[in-house]
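Here's the structure we're looking at; comments come further down.
Protein chains in written order, with the numbering used here: chain V, 1 to 76; chain S, 77 to 152.
The structure is reproduced here in structure tokens:
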């Protein structure tokens, strides 16, 4: 069961410049970013625990993202 | 202006096992996945054009994801 709305992903693809997008194209992108979000979340939770906190914060998420995805290449 | 709902990202973080998440933690993850979605979309659009199509489909998105993120490590 997806968490992110189809319409949100469709909107992002159009912002990126897509004129036409197939339904399965939107669903494929939704799957990819939901999987990434889950992986980043798991790593962020581990980092919060490592720091002795129960609350996951923005720094945990950013560090987890950099670690998992080498996002610095995208300027994040 | 974000496209993906705060509540969707919050739900994914809880599915990943988070007990407590700060508001800025959810917003940080939303920013990361929106940026990734935009980058993947741009690459997918280029791949569709390269194949002589105007419609971006699931194969374009999957190929773009693998190319940009080496997602095979995550089993995608």
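Even glycine gets a Cβ: it sits at the ideal position worked out from N, Cα and C.
Please read all numbers here as calculations on a predicted model, not as lab measurements.
| query | result |
| --- | --- |
| Cβ neighbours of residue 124/S in the same chain (closer than 6 Å, five flanking residues each side left out) | 132, 136 |
| Neighbour-count burial assignment, residue 83/S, 16 or more Cβ in a 10 Å radius | exposed |
| Straight-line Cα distance separating residue 10/V from residue 40/V | 22 Å |
| Cross-chain neighbours of residue 51/V in chain S, by beta carbon under 8 Å | Ordered by position in chain S, no residue passes the 8 Å Cβ test against residue 51/V, which lies about 13 Å from the chain. |
| Contacts of residue 36/V in chain S (Cβ-Cβ under 7 Å) | 109, 112 |
| Reference residue 97/S, options 54/V, 65/V, 26/V, closest by Cα | 54/V |
| Under 8 Å from the C-beta of residue 138/S: neighbouring residues of chain V | 28, 32 |
| Identified DSSP bridge partners for residue 55/V | 96/S |
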